[in-house]
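These protein sequence lines map, in sequence, to chains X and G. Residue numbers 58 to 397, in the working numbering, belong to the letters of the first sequence in order. Residue numbers 58 to 397, in the working numbering, belong to the letters of the second sequence in order. All C-beta atoms in this analysis are idealised placements derived from N, C-alpha and C, irrespective of residue type, glycine included. On a predicted model such as this, the values are computed, not experimentally measured, just so you know. A quick write-up on the structure given underneath.
Protein chains: 2
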Amino acid sequence: MTRFVLVAGTTETATIEGISAAGADPDLMAHTPSADAEILTYGEPVRSPVVPVSPTGCPSPAVITRAAREALDFEVTVVDGGLSQPTGAPTVTVGASAGDDIREQDPVPTAPGAFAAARQFGQALPDDEIVLAETVPGGTTTALGVLRALGERGVVSSSLPENPIERKQAVVEEGLAASSMEPGDAAGDPTRAVREMGDSVLAVSAGLALGAIESDTAVTLAGGTQMLTVAALLRHADVGRSLALTTTSFVAADPSADVAALAADLAVDVTATDPGFDGSNHPAMAAYAAGEAKEGVGMGGALALADRAGLDMADIRDRIETVYARLVDDELGEETGMRS
Amino acid sequence: MTRFVLVAGTTETATIEGISAAGADPDLMAHTPSADAEILTYGEPVRSPVVPVSPTGCPSPAVITRAAREALDFEVTVVDGGLSQPTGAPTVTVGASAGDDIREQDPVPTAPGAFAAARQFGQALPDDEIVLAETVPGGTTTALGVLRALGERGVVSSSLPENPIERKQAVVEEGLAASSMEPGDAAGDPTRAVREMGDSVLAVSAGLALGAIESDTAVTLAGGTQMLTVAALLRHADVGRSLALTTTSFVAADPSADVAALAADLAVDVTATDPGFDGSNHPAMAAYAAGEAKEGVGMGGALALADRAGLDMADIRDRIETVYARLVDDELGEETGMRS
């Protein structure tokens, strides 16, 4: 059986201006992973006060992952990777806390404990295969921090059409200085890299993947450069076996992030799925075609599962419209106004 | 869509000697609801150190509910109704804490808050129908306490072949005295009844059912006299509409608990499903036929769903053997020894 595991959490790093588009505004951003978990679980927010959208109104990739789930009916397990806001989605606890800003000292003190607990959980999962996904606003910046701490190629994607890569690099430089680290200082020490430069979602994802691999569960990393960073953490934890990443065509085509080069460095096989949003005038799809969001909540992995099951992407697009309409109706009902 | 919602929690009342068979010994009993949630979610324990069995080795009804789920693939949501031990199952949090012994003063102080949060969650659930189940060792004693506090007929079933009803009555009398209450003093005040004489699972179940009913989600109470107590709480919260309970033939036939009379008092329609365990020599079925366990983890509700879907009970029995064999293998692998 295939289980889709979503690790959901937050980092204060996301509140740095200009870093993330995973929320309509910085105050709402902390609700995004909690709401994403609800959309994936129930098809709509249940406890979260918002439908997660970007500042321009592009809906969260949770909409696309949920649409694929409504077609495929795969089982979902959400793991709390440091949520800072309540969620109505059921979550597995592994002792992760919301991460602090990586420019602070010791921003993720719970990383080693959460990594260890997630590893045990991953070992115990009885599934044949897990597809591992993330939702954490600001996560590409912490991913960049971890890649640099490990001494890997520092290239990450973005939920913004224009990747604020220089801003991210400056944050990471400040973070390395705050931790008194040089690039590569945490090579071979994945929990140190995450604790000092990452976020709890990376710690939990890497621990869970490691445990699953150790117990011969097939693991597919579903995401963009954040999940490639999980692959890097696994390599630095001495995982030698082949690793697979499923992502979207939007991430694969992102010129600001050399996914192919980073994947090659880490010996990760990449599958990119194109959901065929080009030419769409639907708000949930046109924004992606224009370079917004790109990936997250395992969108590329969910599309790959749909593709593997022989589903037509036109069917998935129809279901995206259904999920989106439900969210818009909900928001209008509550008069909180999702822009569409 | 139908969602199966399991409210899982603990009460210190269970540790009173001779009250409950929901664990191989009193120390292990606190793990039972955590393990039940894992068996329902994953098909086997994941984080819990034990396979939940009675002192004689009768496996938890989670085995039967899981078997039905493997046939039907219904969606499961576990709500934390005051778990005292870790679970690897994803859980929804509504602020419930493990209940104290009802012979203490104010044993469930979180009951009103958990009731309110569960009610909001129930209102927000987008499902057409929920099947609501419980797992809480000692839960028939707290149910008796609540029935008496409400002034309802005090008849409850038992997970033991010989219902220790006099023991339970004595505990409830002590509890009423500790709360300075007379029978019926909490009539019309369901949260007071639960707070002073119940457990968090009852508070959460009643709140969740109330919220679901308020938002026109069909609710089936899946269980025995504990879920009838939830019906009583709903009646005392002024719910007038018809209520349905699905239970097992073992509860319906329990001479120590007049389910039919209590259900009639509360205007609850009862459906009892017989899984056909009579004459079986399988350890997971023969014990039930001999009067052990009887119900729990929504066993009767899961059997009713199977029945409604046109499944043959012989198919369910085959699947019970499969689930049971997996648990026995797991236990033997860990050398902790489930008696079979």
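According to the DSSP assignment, residue 167 of chain X belongs to no alpha helix (DSSP H), since it is labelled neither H nor E. Residues of the segment 174-194 of chain X with a C-beta atom less than 7 Å from some C-beta of chain G are 178, 181, 182, 183, listed in chain order. Burial is judged here by how many other beta carbons sit within 10 angstroms of a residue's own beta carbon; residue 336 of chain G has fewer than 16 and is exposed. Per DSSP, the unbroken alpha helix (DSSP H) holding residue 204 of chain G starts and ends at 196-207. Relative to residue 143 of chain X, the option among G/143, G/138, G/149, G/139 whose CA is nearest is G/149. Contact between residue 275 of chain G and residue 186 of chain G is confirmed by a C-beta separation of about 4 Å, below the 8 Å threshold.
Counting only Cβ-Cβ distances below 8 Å, residue 271 of chain G has no contacts in chain X at all, with the closest Cβ about 15 Å away.
Between residue 118 of chain X and residue 350 of chain X, the beta carbon gap of about 6 Å places them in contact (Cβ cut-off 8 Å).
Ranked by Cα distance from residue 385 of chain X, the options X/101, X/371, X/363 are led by X/101. By a beta-carbon distance limit of 8 Å, residue 109 of chain X contacts residue 79 of chain X. Their separation comes to about 7 Å.
Within the model, the alpha-carbon separation for residue 125 of chain G versus residue 282 of chain X is close to 40 Å. Between residue 176 of chain G and residue 268 of chain G, the C-beta gap is smaller than 7 Å, which places the two residues in contact. Here residue 164 of chain X is buried, its C-beta having at least 16 other C-beta atoms within 10 Å.
For residue 122 of chain G, the three-state secondary structure derived from DSSP is helix. Residue 220 of chain X counts as buried, since at least 16 other C-beta atoms from the protein chains shown sit within 10 angstroms of its C-beta. At a C-beta separation below 7 Å, residue 101 of chain G has these neighbours in chain X: 183. In the structure shown, residue 340 of chain G adopts helical secondary structure according to DSSP, grouped into three states. Per DSSP, residue 60 of chain G lies in no alpha helix (DSSP H); the unbroken beta strand (DSSP E) holding it starts and ends at 59-65. Sequence-ordered contacts of the segment 104-126 of chain X with chain G read 104 [C-beta pairs closer than 9 Å]. Per DSSP, the beta bridge partners of residue 132 of chain G are G/60. Boundaries of the beta strand (DSSP E) harbouring residue 149 of chain G: 148-150, taken from the DSSP string. In the structure shown, residue 217 of chain X adopts coil according to DSSP, grouped into three states. Between residue 197 of chain X and residue 228 of chain X, the CB-CB gap reaches or exceeds 7 Å. For residue 169 of chain X, same chain residues with a beta-carbon under 8 Å away, outside a window of 5 residues either side, are 248, 252, 260 in chain order. Nearest in C-alpha terms to residue 62 of chain X, of all of X/121, X/137, X/76, X/77, is X/137.
Taking the C-beta atoms as reference points, residue 203 of chain G is found nearer than 7 Å to residue 255 of chain G. Residue environment: residue 284 of chain G is assigned as buried (16 or more neighbouring CB atoms within 10 Å of its CB, all protein chains considered). Annotated as proximal: residue 171 of chain G and residue 257 of chain G, with beta-carbon spacing under 7 Å. With respect to residue 325 of chain X, residue 291 of chain X sits apart: the two C-beta atoms are not nearer than 7 Å. Within the same chain, Cβ atoms closer than 7 Å to the Cβ of residue 128 of chain G are found at 363, 368, 372, 373, 376, the five residues on either side in sequence being excluded. For residue 134 of chain G and residue 216 of chain G, the gap between their C-alpha atoms comes out near 24 Å. Comparing C-alpha distances from residue 299 of chain X to each of X/270, X/365, X/279, X/342 shows the shortest one belongs to X/270. In the DSSP assignment, residue 261 of chain G falls outside any beta strand (DSSP E) and within the unbroken alpha helix (DSSP H) covering 257-271. In the DSSP assignment, residue 278 of chain X falls outside any alpha helix (DSSP H) and within the unbroken beta strand (DSSP E) covering 275-279.
Residues of the same chain with a CB within less than 6 Å of the CB of residue 293 of chain G, apart from the 5 flanking positions on each side, are 207, 245, 247 in chain order.
What residue 276 of chain X touches in chain G, judged by beta-carbon distance under 8 Å, is nothing: the nearest beta carbon there is about 17 Å away.
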